[in-house]
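Numbering (this note's numbering), first residue to last: 6 to 443.
Just so you know, even glycine gets a beta-carbon here, dropped at the ideal spot from N, CA and C.
Take a look at the structure below.
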């Protein structure tokens, strides 16, 4: 995918803060000068601080803390909300700010996807927004207007990292498997967030557990507990501490560590922070989509589905199955293929897919998933042999690996990671062989 260029630079002048946008993909095609919304923010400080949270996260490397250059959030307009998303510099934190329709007044939200330029001088202006500010928001080439700024600067825009595309796809698939563990009220949520270590502090880990007093961090799992590695990765949310209205924690079923999501509810908004299982791991390398991408028909099915999407805030799976004449399982696999290009996300709050539109690159599935390429080569070369009921041998050179049940392998990758970072190439080769035997 070629990086998209901006229509202009973000500027801060005497009486207006303007956020530059890239050309946008909309239901009607590419729009060189997009305008998604023009109106007033009913919660100006939440909007400003929420954007600052994203700016903090994208400028932070949480594994071996290092401040770094900022990247620009991806912004999608869904007609009933605006979603702004980014990743931390280490790629281990996914942050999404959902700005709901009742947080705006005087305008209609449009449809489309772009990225928004928020540089250091923009951060300064946003930090100055007070609770009763009159914040006029114009998401488009006219920018975002804030009353009474006190400086004048111009920011040079940057392109969205390709690494984010891989990460967006893995996030969608990883979060789809999580379940809601517990929810606490505003008092408990604020009390917990206040104890989170600073991003620069020593990493702290543990099991987030609901208790009579709110949330405690335990050393061992209990019912409804979710393990979080590196609690300091939640520190950016402290900017919104006075506005937090509640907190919901999502994690894997059972008592095993895994990816975790912490959702902070806000008036007319939600801040969602997704964390990888371990602080040193990045979302772009998790391999969550590999099983779905191994399907022989997934690319054609994805092409059929893509024509049916229209920036829905909640994708209707049943409608897609009816309109494309695909089974539900095939629809899910096809959506996973679209997610590999960043075009599908998963909203845990609604338990539904949503559509964002980014340029599709048919070669991305191969270049971003070398394990899948290796698995297809093994299947094509006849390296997979069935040796018994639910048992296969996969030959790689002079070495043979045994796959049992279609989900266990004797290779080093499986022994080290099991299925927690996606399947190994031998499991994928068996899956490909079973569905399309030579």
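Ignoring anything shorter than 4 residues or poking outside the stretch 290-362, list the alpha helix (DSSP H) runs there in chain order. 295-298, 303-311, 322-329, 333-344
When the Cβ atoms of the stretch 55-71 are set against those of the stretch 238-256, are three or more pairs found closer than 8 Å? yes
Okay, do the stretch 173-181 and the stretch 287-301 touch, 3+ Cβ pairs below 8 Å being the bar? yes
Give me the Cα-Cα distance between residue 287 and residue 341, rounded to the nearest whole angstrom. By 1-based counting over the chain shown, the position of residue 287 is 282. By 1-based counting over the chain shown, the position of residue 341 is 336. C-alpha separation (whole angstroms): 19 Å.
As a quick exercise: from 352, 209, 387, 61, pick the residue whose alpha carbon is nearest that of residue 128. Here residue 128 refers to the residue found at position 123 when the chain shown is read from its first residue. Measuring from the Cα of residue 128, the nearest candidate turns out to be 61.
Proximal residues to residue 303 (C-beta, below 7 Å), its chain only, five neighbours per side dropped: As a working note, residue 303 is residue 298 in the chain shown. Excluding positions up to five away in sequence, the list reads 297, 338, 339, 342.
Here's the rule I'm using: 16 or more other beta-carbon atoms within 10 Å means buried, otherwise exposed. How should residue 169 be labelled? Taking the chain shown and counting its residues from 1, the one referred to as residue 169 is at position 164. Flag for residue 169 reads buried.
So, does the stretch 275-287 touch the stretch 217-224, judging by three or more C-beta pairs under 8 Å? no
Unbroken stretches of the alpha helix (DSSP H), 4 residues or longer, contained in the stretch 226-265: none
Work out the CA separation of residue 433 and residue 89 for me, nearest whole Å. Counting from 1 along the chain shown, the entry for residue 89 is found at position 84. Counting from 1 along the chain shown, the entry for residue 433 is found at position 428. Approximately 34 Å, taken between the alpha carbons.
Who are the Cβ neighbours of residue 198 in its own chain at under 8 Å, not counting the five residues just before and after it? The sequence position of residue 198 within the chain shown is 193, counting from 1. Hits under 8 Å: 239, 242, 243, 246, 249, 252, 269.
Select from 202, 436, 204, 425 the residue whose C-alpha is nearest the C-alpha of residue 409. Position 404 of the chain shown, counted from the start, is the residue given in the question as residue 409. Nearest C-alpha to residue 409: 436.
Considering just the uninterrupted stretch of the alpha helix (DSSP H) at residue 279, what are its terminal residues? As a position in the chain shown, residue 279 is number 274, starting the count at 1. DSSP places residue 279 in no alpha helix (DSSP H) but in the uninterrupted beta strand (DSSP E) bounded by 274-280.
Secondary structure of residue 175, DSSP reduced to three states: Within the chain shown, the letter at position 170 stands for residue 175. Residue 175: helix per DSSP, three-state reduction.
Is residue 62 helix, strand or coil by DSSP? Position 57 of the chain shown, counted from the start, is the residue given in the question as residue 62. Three-state DSSP puts residue 62 in a helix.
Determine contact between the stretch 258-273 and the stretch 407-424, defined as no fewer than three beta-carbon pairs at a distance below 8 Å. no
Please state if the CB of residue 108 and the CB of residue 43 are separated by a distance shorter than 7 Å. Working through the chain shown from its first residue, we reach residue 43 at position 38. Working through the chain shown from its first residue, we reach residue 108 at position 103. Against a cut-off of 7 Å, the Cβ pair of residue 108 and residue 43 comes out as no contact.
Straight-line Cα distance separating residue 336 from residue 430: Sequence index remark: in the chain shown, residue 430 carries index 425 (1-based). Sequence index remark: in the chain shown, residue 336 carries index 331 (1-based). Approximately 24 Å, taken between the alpha carbons.
Is the stretch 81-99 in contact with the stretch 310-324, if contact means three or more CB pairs nearer than 8 Å? yes
Pick from 138, 123, 257, 237 that is closest to residue 67, judged by C-alpha positions: Taking the chain shown and counting its residues from 1, one reaches residue 67 at position 62. Here the closest residue by C-alpha is 237.
Residue 6 by DSSP, collapsed to three states: which one? As a first step, residue 6 is located in the chain shown; it is residue number 1 there, counting from the start. Note on residue 6: pLDDT 36, under 50, position unreliable in the model; the coordinate value appears next. The answer is coil: DSSP assigns residue 6 none of H, G, I, E or B.
Count the other CB atoms within 10 Å of the CB of residue 160; is the residue buried (16 or more) or exposed (fewer)? Locating residue 160 in the chain shown gives position 155, counting from the first residue. Low confidence applies here, because residue 160 scores a pLDDT of 35, under 50, leaving its location unreliable; read the following figure in that light. Answer is buried; the Cβ neighbour count reaches 16.
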